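Read through the structure below, which is laid out as structure tokens, and then see the notes.
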Amino acid sequence: METTILGRTGLRVSRTSFGALPIQRVSFAEARTILRKAYGSGINFFDTARGYSDSEEKMGAALADVRHDLIIATKTHAATKNDLLDHVQTSLKNLRTDYIDILQLHNPSQVPNPEDPDGLFAGLEEAKRRGWIRFFGITNHRLPIAQEAVRSGLFDTLQFPLSVLSSDEDLQLAQECSEREIGFIAMKALSGGLVTNARAAFAFLRQHPHIVPIWGIQRESELDEFIDLEAKPPVLDESLQKSIALDRKELSGSFCRGCGYCMPCPVGIPISMAARISLLLRRAPEQNFVTPEWQDKMRLINDCTQCGQCKAQCPYDLDTPELLKAELEKYEAALAGS
Numbered sequence: 000m001e002t003t004i005l006g007r008t009g010l011r012v013s014r015t016s017f018g019a020l021p022i023q024r025v026s027f028a029e030a031r032t033i034l035r036k037a038y039g040s041g042i043n044f045f046d047t048a049r050g051y052s053d054s055e056e057k058m059g060a061a062l063a064d065v066r067h068d069l070i071i072a073t074k075t076h077a078a079t080k081n082d083l084l085d086h087v088q089t090s091l092k093n094l095r096t097d098y099i100d101i102l103q104l105h106n107p108s109q110v111p112n113p114e115d116p117d118g119l120f121a122g123l124e125e126a127k128r129r130g131w132i133r134f135f136g137i138t139n140h141r142l143p144i145a146q147e148a149v150r151s152g153l154f155d156t157l158q159f160p161l162s163v164l165s166s167d168e169d170l171q172l173a174q175e176c177s178e179r180e181i182g183f184i185a186m187k188a189l190s191g192g193l194v195t196n197a198r199a200a201f202a203f204l205r206q207h208p209h210i211v212p213i214w215g216i217q218r219e220s221e222l223d224e225f226i227d228l229e230a231k232p233p234v235l236d237e238s239l240q241k242s243i244a245l246d247r248k249e250l251s252g253s254f255c256r257g258c259g260y261c262m263p264c265p266v267g268i269p270i271s272m273a274a275r276i277s278l279l280l281r282r283a284p285e286q287n288f289v290t291p292e293w294q295d296k297m298r299l300i301n302d303c304t305q306c307g308q309c310k311a312q313c314p315y316d317l318d319t320p321e322l323l324k325a326e327l328e329k330y331e332a333a334l335a336g337s
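Structure representation (structure tokens):
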């Protein structure tokens, strides 16, 4: 397994790393099988979060006995110093460890004030003084906040969406992290499942030796694919470049990345899937999304109360209610034409 140094942390991590958000959707037994296989394959960097329901607990149950072979990152969505310290203690218990390698602020709406004695940065420093964490970082979906965080010099790592669809500004941010010795952790490397050519995605990111993608893995077959890619890394040749060009053409402009920050919906709309259903119908097996159950889920869009919660929480500033209405129209047209 090829490794790289994660910025100024000095941590040597596997260049193919494990994003543990999806394991909240599987049983403890399934999660253990996947996590142990990942460890056995040479993956040593695992990323989770307090906000990923039972993901931390599944990691702790599966990997506690090999914890000192691993680099573990988790996240806190706390708003205050005291909340952050409470979150860290819960994460330590869930992960069955006495320290966390990297604690990350989870998509905050602004970079915290390092002078606030009761703020998040004070909490990070206190957790480090107590020996609960070794390094701290920040995650974000908004480019201006990510840029500000990097230029503040406060953080050891940045986690930010990066994929074949990323803009030149996004790629420049990754390069700036390299120049400032800030570890760059790439999330959403498959853009929430909309990028379906894993070989192209892998080859694109592998061009940058300092970028560490955390591949979101839910099934053993997905893990096997990345283990195979790591064993024989693909070269970004003409055929893969053509695949990337097609993805960029089809997925250009404003579209839902499926990050889920809009959830939950007060009336039960599965927003993170419904808001990109027309893309999923083209880029995934159609039969998965035309079942009677999915038709009922999509028609919940008609019950939208226009509360504005989803729009306010979208890190990409999408007009989510309008996007949902448009997706419902496309969905019903697709059903009528099938």
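Quick note on numbering that gives the first Met the number 0: the sequence shown kicks off at 0 and runs consecutively. All C-beta atoms in this analysis are idealised placements derived from N, C-alpha and C, irrespective of residue type, glycine included. Treat the numbers as computed from the prediction; the structure is a model and nothing was measured.
Counterpart residues of Thr79 in DSSP-defined beta bridges: Counting from 1 along the sequence shown, the entry for residue 79 is found at position 80. In DSSP, Thr79 forms no bridge with anything.
Please confirm whether any heavy atom of the ligand FAD lies closer than 7 Å to the CB of Ile42. No copy of the ligand FAD appears in this structure; indeed no ligand is present at all.
Glu224 and Met0: beta carbons closer than 8 Å? Taking the sequence shown and counting its residues from 1, the one referred to as residue 224 is at position 225. Taking the sequence shown and counting its residues from 1, the one referred to as residue 0 is at position 1. Contact: no.
Kindly give me the distance between the Cβ atoms of Asp302 and Lys310, rounded to whole angstroms, as I take these residues to be in contact under 8 Å. To locate residue 302, count along the sequence shown from 1; it is residue 303. To locate residue 310, count along the sequence shown from 1; it is residue 311. That pair is no contact at about 16 Å.
What residues in its chain sit with their C-beta under 8 Å from that of Ser40, if we drop five residues either side in the sequence? Against the sequence shown, residue 40 aligns to sequence position 41. Excluding residues within five positions, the ones whose Cβ falls inside 8 Å are Met0, Leu222, Ile226 and Glu229.
Specify, as a first and last residue, the run of the beta strand (DSSP E) that Arg11 falls within. Start at 1 with the first residue of the sequence shown, and residue 11 comes out as number 12. Unbroken beta strand (DSSP E) run through Arg11: Arg11 to Ser13.
Give a yes or no on whether the C-beta atoms belonging to Val234 and Ala199 are separated by under 8 Å. Taking the first residue of the sequence shown as position 1, residue 234 is located at position 235. Taking the first residue of the sequence shown as position 1, residue 199 is located at position 200. With respect to Ala199, Val234 sits apart: the two C-beta atoms are not nearer than 8 Å.
Would you say the stretch 144-164 touches the stretch 180-190, given that touching needs at least three Cβ pairs under 8 Å? Yes: at least three Cβ pairs fall under 8 Å.
Going by other Cβ atoms of all chains shown within 10 Å of its Cβ, with 16 needed for buried, is Asp100 buried or exposed? As a working mapping, residue 100 is identified with position 101 in the sequence shown. Result: buried.
Going by C-alpha to C-alpha distance, which of Asp117, Arg282 and Gly267 sits closest to Val194? Translated into the one-based positions of the sequence shown, residue 194 becomes position 195. Nearest option by C-alpha distance: Arg282.
Is the distance from the Cβ of Ile184 to the Cβ of Asp46 below 8 Å? Position 185 of the sequence shown, counted from the start, is the residue given in the question as residue 184. Position 47 of the sequence shown, counted from the start, is the residue given in the question as residue 46. Taking 8 Å as the Cβ cut-off, Ile184 and Asp46 qualify as a contacting pair.
Top-ranked residue by Cα proximity to Arg298, from Ile216, Ile270 and Asp82: Along the sequence shown, one-based indexing puts residue 298 at 299. Nearest to Arg298 by alpha-carbon distance, out of Ile216, Ile270 and Asp82, is Ile270.
Is it buried or exposed for Glu321, if we count other Cβ within 10 angstroms and need 16 for buried? For this step, residue 321 is matched to residue 322 along the sequence shown. Flag for Glu321 reads exposed.
Assign Phe44 to one of three DSSP states: helix, strand, or coil. Indexing the sequence shown from 1 puts residue 44 at position 45. In the structure shown, Phe44 sits in a strand (DSSP, three-state: E or B).
Can you grab the Cα-Cα spacing for the pair Arg179 / His209, in whole Å? Here residue 179 is taken as the residue at index 180 of the sequence shown, counted from 1. Here residue 209 is taken as the residue at index 210 of the sequence shown, counted from 1. If I take the Cα positions, the gap works out to 12 Å.
For the stretch 28-39 and the stretch 239-258, state whether three or more C-beta atom pairs, one from each stretch, are separated by less than 8 Å. Touching, no.
Euclidean distance between Cα positions of Ile276 and Gly267: By 1-based counting over the sequence shown, the position of residue 276 is 277. By 1-based counting over the sequence shown, the position of residue 267 is 268. Taking the straight line joining both Cα atoms gives about 16 Å.
Let me know the secondary structure DSSP gives His67 once reduced to three states. Against the sequence shown, residue 67 aligns to sequence position 68. In this structure, DSSP gives His67 a helical state, which the three-state scheme calls helix.
Roughly how many angstroms separate the alpha carbons of Gly296 and Leu327, rounded to a whole number? By 1-based counting over the sequence shown, the position of residue 296 is 297. By 1-based counting over the sequence shown, the position of residue 327 is 328. According to the sequence shown, residue 296 is Lys rather than Gly. Approximately 10 Å, taken between the alpha carbons.
Bridge partner(s) assigned by DSSP for Ala72: For this step, residue 72 is matched to residue 73 along the sequence shown. The partner list for Ala72 (beta bridge, DSSP) reads Asp46 and Ile101.
Smallest Cα separation from Thr290: which of Ala121, Leu334 and Val110? Within the sequence shown, residue 290 is the residue found at index 291, counting from 1. Nearest C-alpha to Thr290: Leu334.
Comparing alpha-carbon positions, which option in Ala48, Ile137 and Arg24 lies nearest Leu94? Within the sequence shown, the letter at position 95 stands for residue 94. Across the set Ala48, Ile137 and Arg24, the C-alpha of Ala48 shows the shortest separation from the C-alpha of Leu94.
With 16 other CB atoms within 10 Å as the buried threshold, where does Val110 fall? Along the sequence shown, read from residue 1 onward, the residue named residue 110 stands at position 111. When all chains shown are included, Val110 counts as buried.
Buried or exposed by the 16-neighbour rule on C-beta atoms within 10 Å, applied to Cys313: Working through the sequence shown from its first residue, we reach residue 313 at position 314. Per the 10 Å Cβ criterion, buried.
Rounded to the nearest angstrom, what separates Ser16 and Leu239 at their Cα positions? As a working note, residue 16 is residue 17 in the sequence shown. As a working note, residue 239 is residue 240 in the sequence shown. Those two C-alpha atoms are separated by around 22 Å.
Check whether the Cβ atoms of Pro21 and Ile216 lie closer than 8 Å to each other. Within the sequence shown, residue 21 is the residue found at index 22, counting from 1. Within the sequence shown, residue 216 is the residue found at index 217, counting from 1. Taking 8 Å as the Cβ cut-off, Pro21 and Ile216 qualify as a contacting pair.
Just the C-alpha distance for Ile243 and Ala197, rounded to the nearest angstrom, thanks. For this step, residue 243 is matched to residue 244 along the sequence shown. For this step, residue 197 is matched to residue 198 along the sequence shown. Approximately 11 Å between the Cα atoms of the pair.
Within 10 angstroms of the Cβ of Pro143, are there 16 or more other Cβ atoms? Answer buried if so, exposed if not. Numbered from 1 along the sequence shown, position 144 holds the residue referred to as residue 143. Classification for Pro143: exposed.
For Arg256, does the count of other Cβ atoms within 10 angstroms reach 16, so buried, or fall short, so exposed? Translated into positions along the sequence shown, residue 256 becomes position 257. That one is buried.
Going straight from the alpha carbon of Lys329 to that of Ser253, what length do you get? In the sequence shown, counting from the first residue as 1, residue 329 sits at position 330. In the sequence shown, counting from the first residue as 1, residue 253 sits at position 254. Whole-angstrom Cα-Cα distance: 16 Å.
Rounded Cβ spacing between Asp68 and Asn43 (contact assumed at less than 8 Å): For the purposes of this step, residue 68 is identified with residue 69 of the sequence shown, where counting begins at 1. For the purposes of this step, residue 43 is identified with residue 44 of the sequence shown, where counting begins at 1. Contact annotation, Asp68 with Asn43: C-beta distance approximately 6 Å; criterion of less than 8 Å satisfied.
Indicate the three-state DSSP secondary structure (helix, strand or coil) for Leu317 in the structure shown. Position 318 of the sequence shown, counting from 1, holds the residue named residue 317. Under the three-state reduction of DSSP, Leu317 is assigned to coil, being neither helix nor strand.
If you count every other CB in all the chains shown that lies within 10 Å of the CB of Val211, and 16 or more means buried, which is it? Mapped onto the sequence shown, residue 211 falls at position 212. With 16 or more other Cβ atoms within 10 Å, it is buried.
Among Gln88, Ala78 and Leu84, which residue has its Cα nearest to the Cα of Glu56? On the sequence shown, position 57 is the one that residue 56 refers to. Ranking the options by Cα distance to Glu56, first place goes to Gln88.
By Cβ distance, which residues of its chain are closer than 6 Å to Arg133, with the 5 residues on each side in sequence left out? Reading the sequence shown from its first residue, position 134 is the one you call residue 133. Sequence-distant Cβ neighbours of Arg133 in its own chain, meaning closer than 6 Å and more than five residues away, are Asp100.
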